[in-house]
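A.B. asks: Just add 120 to wherever you are in the sequence shown, counting from 1, and you've got the working numbering.
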Amino acid sequence: MGPELHLQMIINRTAELREEADNHRRARQVQAARKVRSQGERRRGFFGKFSAA
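#1: Could you tell me the alpha carbon to alpha carbon distance between residue 140 and residue 128, rounded to whole angstroms?
#2: Can you tell me where the alpha helix (DSSP H) holding residue 129 begins and where it ends?
#3: Suppose you measure from the CA of residue 122 to the CA of residue 151; what does that come to, to the nearest Å?
In structure tokens:
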């Protein structure tokens with residue numbers, strides 16, 4: 121295997137691993153957000169826009 125081919129394989133695998141890590145990170149963020157919402161904590165910014173003051 122030539123060095124150019126090997127380098128290209130490394131670059132491709134690195135991109136795949138980064139994509140998997142991004143997906144995993146997003147999944148963890150979604151789980152954390154659901155946990156916070158299930159505990160009754162609300163976002164102030166959202167409800168502040170609709171308050172009848």
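For glycine and all other residues, C-beta sits at the position ideal for the given N, C-alpha and C. Computed from a predicted structure; not experimentally measured.
C.D. replies: Inspection of the coordinates gives the following:
#1: 19 angstroms
#2: 123 to 158
#3: 44 angstroms
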